[in-house]
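Notes to accompany the following structure.
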Amino acid sequence: NSTIDQQIDILQSAFRNSSIAFRPVGRTFTINEEWTGSIDGTKWERDMKTALRKGDYRTVNLFIQKNLGRDGRCPNPESRASDPDRFILDGCVIAPETLPGGPEPDTGEGKTAVHEIGHWFGLYHTFEDWRNNINGSPNGCYGEGDRVEDTPPQRGTTSGIMCGWPNVQNYRDSCPQKCKAVGDCVPNPEGDPLNNYMGYCPDRNLTEFTAGQATRMFRIYDTYRKNA
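Mapping of the sequence shown onto the numbering used here: residues 1472 to 1699, in sequence order.
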């Protein structure tokens, strides 16, 4: 229970600057071996979430699942009308090793839950949809990216030394230019967003959502969740 309390505190702190706060309404502890392992997209995931899910489409459900095979996962919000399973499957899952005090230094500070709940609010990865150079953008990246204007473009995921750790001067700049189309490029002097919660850097790096991400979270919440 104390570890869960610490995780909630980390969530509150991470989202505070985006003017988002959570109101915990309960927790349950369930043992069912069929619900462990990589069960996403299977009948066991539906069974688990059907049995355990609480609240409506405005309610964040965070499941902690053993032997997940990854750090976490969470679907982005969509209209329930298009998929009768969407409501049941809505909810974030994290591995217990990612809770505060976890055994791995890169993932044991509770930031995985922040990242996954970012997806719940409609955020994409910072490296989403930035594609390779094309003619007319010799040192740039083009595409829609994460659909947020103030997150610098980033081509590909990051880990280890690419995240500027332990020498923070070793920052990575995978997109010196940001290109909306062939020949329509602007300089990108900021480097990759290595401190952003929606990247893949170690927990010790992750400290921020941008103002644009906060705006997107409210917009997606109002569109898909607020009146659902």
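A virtual CB, placed ideally from N, CA and C, is assigned to each residue, including glycine.
Distance check between R1557 and each of E1661, D1674, G1512, D1621 places G1512 closest, using alpha-carbon atoms only. In the DSSP assignment, L1560 falls within the alpha helix (DSSP H) that extends over 1557 to 1560. With distances taken between CA atoms, P1546 lies nearest to L1560 out of I1535, L1560, F1534, L1539. With a beta-carbon spacing of about 5 Å, T1583 and D1542 fall inside the 8 Å limit used to define contacts. The three-state secondary structure of K1582, taken from DSSP, is helix. Rounded to the nearest whole angstrom, the CA to CA distance from G1508 to I1535 is 11 Å.
Taking C-beta separations shorter than 7 Å and ignoring five residues to either side along the sequence, the partners of F1592 in its chain run M1688, I1691, Y1692, following chain order. Rounded to the nearest angstrom, the gap between the Cα atoms of E1620 and E1504 is 43 Å. Approximately 11 Å separates the beta-carbon atoms of G1579 and I1481; this is outside 8 Å, ruling out the contact. Sequence-distant partners of S1550 (beyond 5 residues in either direction) whose C-beta falls short of 8 Å from its own C-beta, in its chain, are R1557, Y1695. If you draw a straight line from the Cα of S1489 to the Cα of F1680, it is about 7 Å long.
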